[in-house]
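Numbering (this note's numbering), first residue to last: 861 to 1257.
Glycine is no exception: its CB is placed at the ideal position from the N, C-alpha and C atoms.
No experiment lies behind these values; they were computed from the predicted model shown.
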Amino acid sequence: MEADADDLRARVLRFVEEVVYPREAELEAADDATRDALLRTLSEQARSAGLWALGHPRELGGGGLSFMAYVRINEVIGRSYWAMLALGTASLQDSLMVWRHGTPAWHERYLRPIVAGEFLPSFAMTEPEVSSSDPTQLATTARLEDGHWVVNGRKWFTTGAAQARYTTVMCRTEDADAPPHRAFSLIIVPTDAPGYRIVRDLPALGIAGNHYEIALEDLRVPEDHLLGRRGAGFAIAQERLGPGRIFHCMRWLGQAQRAFDLMCRRLHARSAFGEALAEKQLMQAHVFESAAEIRSARELTLAAARRMDSGDQARDEIAVIKVLGARMLHNVIDRAIQVYGAAGLTPDTPLSVMYRHAREARIYDGPDEVHMQSVARRLLKAYRDDGPGIDFGAEPA
C-alpha cells in the first residue's frame, strides 16, 4: 500500500482507538434513540477528520479508495463493531452492488443517501425453512403481473431491515424447469411498501445484532425494481459476497489483533505465584499460537485479496480464508479470555461480546462445512482420471 494510504490507515486506527473505543460501553447499553444520536456524533467527527465512507465510490461522495488500500483500512476499522457505523463503511457491500448493477435513477434515489449516512440498506437472502447451504431451494417468489413484481416469502437475518429504506430480496423469478443458478433475481423492495412486515428481531447468542425476520406478503413493486438482469441474482450475489468475505476476514484480523493486545498487556500486568504471568511457559504458548495464527491468516487473506484485485474470482482462496479466519478469530479471543480468567467473562473487557460475535463467523456468509466441501471437491477434481493434480508452489501469490 502506498505511503499516503499507510498514513491514512494510521489515522483511522487512532480514530478507532481514541474516539470509538471510549464510547463502546455507552453504545452497547444505550436505547435506540440514544445510540443513534451517539453514532451521529461519531460520524460527524469522522467527517471532520476526513475519514468518512473511505471505500465508497468518489462519484457518490465517498473516499474512492482502491480495493487493496481499503482492504487494509478495513483491518483497523474491524477492531470495533461500532467503528463500521461511525466511519460509514457498514453499507459498502450493498453500495458497490447497486453502483455496478443499478440504474442512474437508483444511484440518485438510494446510493447518494447511503454514502451520506442518511440510512443503511438491507439484504435478504436466507430463509427460516430453507437450508442456507443450498440457496437454490429458496422459496420466496416474484411473478410479473401488470407491470409489477408480486413478491411472496419470508426471510430472516435481514440485518438492518427495521431501519433500512429498502431491502434487496433474492427471489425465484423463473419457472421450475429453469437452471437453478439462473432461476433467481434480485429485486429492490422499499421497506414502506404494503406487504412488507417485520416479524421479529433475532438476537444472536444474546446480542441484539439488528437482525430481523421479515414477511413479504403480496408485496407489489414496479418492474424496474429489478437489480441487474433477470435471472442474474446468484451471479450478482456472489459478486457481492466475494469482496465481502475478504472485508469480513480483515475485520476479524482487527478483532484478533485487539484481543492479542489485551492478552499481552494482561500477562505483564498480572502476577501469580511470585512472578508475572508473562513469565509462565503455558501463557507464552498462548502468545505464540495466537501470533502464528494471526500472521498466517493475514498473509492468506492479503494473497486472496490480491488475486481478486487482479480479476480472478479466487474462489478457493476466499473459501479457505473464510474458514481459517473464523477459526483464528475464535482461538485468539478464547486464549485472551483464558488469560483474563473470570474478568474475561464480564463486561469489564470487550472480550465476552467479541467471543460471541466470533462464533457467528463460522456460520454467516456460508457455514464452514460448505466452504470446506467446495474447496475439497475442486482440489480432488484435479487428480481425477490421473489428472495433473495441484502444485501449490506454482500458483500465483
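- Apart from the 5 residues on each side of it in sequence, N1191 sits with its Cβ closer than 8 angstroms to the Cβ of E1149, S1150, E1153 in its chain, given in chain order.
- Look at H961 here: in three-state DSSP terms it is helix.
- Judged by their CB atoms, E987 and R1014 are nearer to each other than the 8 angstroms cut-off.
- Put simply, the backbone Cα of R939 is about 9 angstroms away from that of A1119.
- Taking the Cβ atoms as the reference, L1079 lies roughly 19 angstroms from V990, outside the contact range of under 8 angstroms.
- Given a length threshold of 3 residues, each whole run of the beta strand (DSSP E) inside the segment 1007-1043 is given here in chain order: 1008-1015, 1026-1032.
- Note that the C-beta distance between G1093 and M1030 is below 8 angstroms.
- Of the residues assessed, L1239 falls on the exposed side of the cut-off, its CB having fewer than 16 other CB atoms within 10 angstroms.
- Sequence-distant partners of P1050 (beyond 5 residues in either direction) whose C-beta falls short of 6 angstroms from its own C-beta, in its chain, are Y1026.
- Per the C-alpha coordinates, the member of H1146, L945, R1175, E888 positioned closest to Q1198 is H1146.
- Following the DSSP letters along the chain, one finds F983 inside the beta strand (DSSP E) bounded by residues 982-984.
- Checking the DSSP bridge columns, you'll see I1074 partnered with K1015, I1058.
- In its chain, beyond the 5 residues on either side, G921 have a beta carbon closer than 7 angstroms to the beta carbon of A976.
- Considered as a whole, the segment 1083-1137 harbours 1093-1129 as its complete alpha helix (DSSP H) runs of no fewer than 4 residues, in chain order.
- C-alpha of L1113 to C-alpha of L1086: approximately 36 angstroms in a straight line.
- As computed with DSSP, P1050 is found in a beta bridge with Y1026.
- Using a 10 angstroms sphere on the CB of L1076, the tally of other CB atoms reaches 16 or more, which defines it as buried.
- L1162 sits away from Q1115, with the two beta carbons spaced by 8 angstroms or more.
- Under DSSP, the beta-bridge partners assigned to V1081 are W1009.
- Between the C-alpha atoms of T1000 and D1084 there is a straight-line separation of about 19 angstroms.
- Put simply, the segment 1228-1235 touches the segment 1165-1180. At least three CB pairs are less than 8 angstroms apart.
- For the pair T1033 and A984, the CB atoms are not nearer than the 8 angstroms cut-off.
- Residue pairing by DSSP places S1045 opposite C1031 in a beta bridge.
- Excluding residues up to 5 positions away in sequence, R1100, G1104 lie with their Cβ nearer than 6 angstroms to the Cβ of Q953 in the same chain.
- An exposed status is given to G1007, since fewer than 16 other beta-carbon atoms sit within 10 Å of its beta-carbon.
- Taking G1249 as the centre and dropping the five residues before and after it, the same chain places the C-beta of A1242, Y1243 closer than 6 angstroms to its C-beta, in chain order.
- CA-to-CA, the gap between Y941 and T1018 works out to about 18 angstroms.
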